[in-house]
Each structure stands twice: as C-alpha cells, then as structure tokens.
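Per this note's numbering, residue 246 is the first one in the sequence shown, and the count goes up by one each step.
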Amino acid sequence: MKNMRIVYLIHSIHSVGGMEKVLTSKANWLSAYPGIEVFIVTSRLHGRQPFFRLSPEVHLIDIDVSDRTRPRRYRRGLQKVLDEVKPDITISLCGSDVFQLLKCGNAGVRLAEFHFPHDKFARKYPGFPLYASLRTKRLESALQGYDKFVTLCKYDLDYYRKVFAEPEKVVQIYDPVDDRTSEVSDLTAGRFIAVGRLSKEKNFADAIRIWAEVVKVHPDWKLDIFGAGKEYKALDRLRHELGMDAYVTLKGSSTSLAEEYGNSSGLLVTSSYEGIGLVILEAESFRLPVVSYISPGGIPEILTDGENAFLVPLGDVIAGADRVCRLIEDAGLRNAMGDKALENSSGFSRDAIMGEWVELFNRILV
C-alpha cells in the first residue's frame, strides 16, 4: 500500500454526537495504520477541545470560519490548508463544506459520506416540503461531482445509485463500533437507557411516554437518558407533566458510556429517523437487547425482531411499552436476546469496518 494523506472535513468535533464519535474513532484507527497520515479540518471548533479522545497522531486544523454563513471566506481558508497538506484523499461529511470542496484544488480524490437517510430533509422539515426538496436536490447535485460517495446503510444504496449519473460512484459502508473497554452487562440492573443528542429527530419525548406506561406495571424500573441538546427543557417539562421525575432522569452527556451500558438491562430507541444508529451497535456490544421504533434508515438492517431486538411501528408508544415490559418480566428472554445482540455486534468491529475503508482508499488511488 502506498503512503497516503487523508483529510476529513467537519464543522466541529467539540460536541457529543454519533457523527463526531465515528469520525474520531476512524481517524484514530487510520492514524495508527502504517503509511496513513490523517488530518481533521474543522470550520467552527473556535478553540474548543474535542469531546472524544483524539489521538495525538491526528492533525487537527480549525479554519475558524463558518462554512455555512461565510462560504467564500471558508473556501479560501480551506484552499490554504489543502495547498499546504496536499492530501491524496479529502472527505466531506456533507456539511456545508460539501459545496465548497468542489471549488478547491489540491484536494486529491474527493469523497463524501452522509450519516443520515436520504430523506433526512423531508423528515426534518415535514411542514416545508418545497424547502426540504430544494435542500435534497442541492446536496444530490453537489454529490455528482465527487469521485466516490459512501452511504451508511443499504436503505439508501439503491436510491443513490438511481440518483447518480454514474451509479458505480456509490458504495455502502457501515459505521464501526469501538472495542469494549469494560465487561458486558449481566442484565440484572433495573433500568433501561436511551442515548443521543437531545434533538427533535431523536424523539426522546416518546421514550418518556413509553416509560410512563412501563411504570404503571413496573414502578421499580428506571429510564436514564444520556445526551445534551436544545430539547432538554422541553423534555424536562414533559417528564414533570407526566409525573416521571422519579422514574426518568436526564443525565446529560457522558464520557463513560461504556460503564452505563454495562450497568443497564436494555436500550430504548425512539428516533423519527436514523442513519444506522451507532448507539444501537454500541449497546449490543455490551449485550443489551434493544426496543426500537422502525424508523426510516438502517435500523431494520442491524436489528432482527424477536432475536436481538423488539421492533415496533414508529410512534406506537403502547407497543413500545409492551415490549419493554416483556424484557423486564422474562429474564430468560432478556438474556437470550442479549446474547444475540452481542453476537450481532461482532460484525461491526472497528477492525472489520475500517478494513473496508482502507480497501476503498487503495482502490481509488490505483
């Protein structure tokens, strides 16, 4: 394999989020791979520290100009970085930089990867279909100019291959799961957890509503929600309105989620849409069975109803509560599904998934 320099573009890595976590994990792994030098170029880090541990071998450069509100100034800053680094491959995570990179030279091979389902904007802005359509078409138009586009799940693969004038540009690679740093759960703790950014698409309001049904039967079980975001006040208000103060806790962001997974007996997922649901794979690696909405995206690809998870229709609070109660009431079922979850997670190990990325890099640099 030839030596290579890889540049990743993202708005920032100071906050907790699946995309930030995956990028940090991939950059750390690649920076330890012989012959690969990794750079993360941010636009809005603004002197803040990365939330997740970043290897000292990864070069972190902040342009300190918003790619969204000052695109031309950002592009000049990005061009300066590219002229200095001279990367073999530059990868956009499809923020606003995805439009500016196409106008830059010295970028090497241009890749883009999208961590959301293809209909993200339609689902994010349901009351504004024209705006959502314009956002979608603008992104898809820009992606045509990239040498390769990596989609996260098979849910999107056929769609993008129909959209692209050159369908062979589109490939699919799942997100990797970091190696465990602690023991798997014995599934005896009287709690479930939910994990993610406190934003509308994660729909933690339904998680609280589900738990309001669960405690009617199992008042000794708790739900802890880990994450931070704009919806904190609304969720806290709902928790209080439903009388869930003693049963549902908003825990904020955690740098030790491994311990939290290991001290839980299940994961609750109520997202309105998901790319792949990194927290699902993480939870499974700690032997947690999952109760999840069947939301648009890759969740049905990584979860099998009745084996490693219970899948319920999007928005069906009563069905979600019923499946949680089944797991609470049947320790044998809980352990059997936990074992299946652990087995399933092994197919998404960081070594296996990053091996696919290295293979892709080698192919495109031939």
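Where is the CB? At the ideal position from N, CA and C, for every residue including glycine.
1) Considering only the alpha carbon of each residue, which of P301, H304 and R289 lies closest to G322?
2) Nearest to H363 by alpha carbon, out of C398, T426, A479 and K478?
3) Considering only residues of the same chain and omitting the five flanking positions on each side of E282, which have a CB-CB separation below 6 angstroms?
4) Please classify K266: is it buried, with 16 or more other beta-carbons within 10 angstroms of its beta-carbon, or exposed?
5) Over the uninterrupted alpha helix (DSSP H) stretch that includes Y477, give me the two end residues.
6) Suppose you measure from the CA of V460 to the CA of T287; what does that come to, to the nearest Å?
7) Please say whether A503 and R436 have beta carbons closer to each other than 8 angstroms?
8) Beta-carbon within less than 8 angstroms of A197's beta-carbon, same chain only, minus the 5 sequence neighbours each way: which residues are those?
9) Given this structure, state the Cα-to-Cα distance separating G522 from H360, to the nearest angstrom.
10) Could you pull the start and end residues of the beta strand (DSSP E) that G507 belongs to?
11) Quick check on this structure: which residue in A387, Y419, V536 and S386 has the alpha carbon closest to the alpha carbon of Y400?
12) Rounded to the nearest angstrom, what separates A586 and R608 at their Cα positions?
13) So what does K399 bridge to, in DSSP terms?
14) Mind checking whether I525 and I544 have CB atoms under 8 angstroms apart?
15) Check whether the region 440-448 and the region 404-412 touch, using three or more Cβ-Cβ pairs below 8 angstroms as the test.
16) Is it right to say R528 is buried, meaning 16 or more other beta carbons lie within 10 angstroms of its own, or is it exposed?
17) Is the region 466-485 touching the region 497-512, taking contact as three or more C-beta pairs under 8 angstroms?
18) Suppose only complete runs of 3+ residues qualify. What are the beta strand (DSSP E) ranges in the region 315-380, listed by chain order?
19) Whole-angstrom Cβ separation of L443 and L483, contact assumed at under 8 angstroms?
20) In the DSSP assignment, the beta strand (DSSP E) including M249 goes from what residue to what residue?
21) Could you tell me which residues DSSP pairs with Y538 in its beta bridges?
22) For A387, collect the residues of the same chain with a Cβ closer than 6 angstroms to its Cβ; drop the 5 residues on either side in sequence, then sort them by chain order.
23) So the alpha helix (DSSP H) A439 belongs to, where does it begin and stop?
24) On the three-state DSSP scale, how would you describe E529?
25) Roughly how many angstroms separate the alpha carbons of V354 and V395, rounded to a whole number?
26) Who are the near neighbours of A564 in its chain, counting only those whose CB is closer than 6 angstroms to its CB and skipping five residues on each side?
27) Would you check if the distance between the CB atom of A367 and the CB atom of C339 is smaller than 8 angstroms?
28) Grab me the residues of R571's own chain with a C-beta within less than 6 angstroms of its C-beta, minus the 5 sequence neighbours each way, in chain order.
29) In angstroms with no decimal places, state the Cα-to-Cα distance between E604 and H485.
With the given structure in hand:
1) R289
2) C398
3) Cβ neighbours of E282 beyond the five flanking positions: R250.
4) buried
5) Y477 to E486
6) 44 angstroms
7) no
8) Summary: the structure shown does not reach residue 197, with the chain confined to residues 246 through 611, and so no result is reported for it.
9) Looking at the two C-alpha atoms, the distance is approximately 10 angstroms.
10) Counting along the chain, G507 falls outside any beta strand (DSSP E), though it belongs to the alpha helix (DSSP H) covering L502 to G507.
11) Cα-wise, what sits closest to Y400 is Y419.
12) 33 angstroms
13) Paired residues: none, contrary to the question.
14) yes
15) Inter-segment contact for the region 440-448 and the region 404-412 is absent: fewer than three beta-carbon pairs are separated by less than 8 angstroms.
16) Reading off the sequence shown, one finds Ala at residue 528, where the question assumed Arg. Residue environment: A528 is assigned as buried (16 or more neighbouring CB atoms within 10 Å of its CB, all protein chains considered).
17) yes
18) 334-337 and 354-359
19) The C-beta separation of L443 from L483 comes to about 12 angstroms, leaving the pair out of contact by the 8 angstroms criterion.
20) Under the DSSP assignment, M249 falls in the beta strand (DSSP E) whose first and last residues are M249 to I255.
21) V557
22) V343 and F344
23) A439 -> not in any alpha helix (DSSP H); beta strand (DSSP E) instead, spanning R436 to V440.
24) Three-state DSSP puts E529 in a helix.
25) 13 angstroms
26) V557
27) no
28) none
29) For E604 and H485, the distance between alpha carbons rounds to 51 angstroms.
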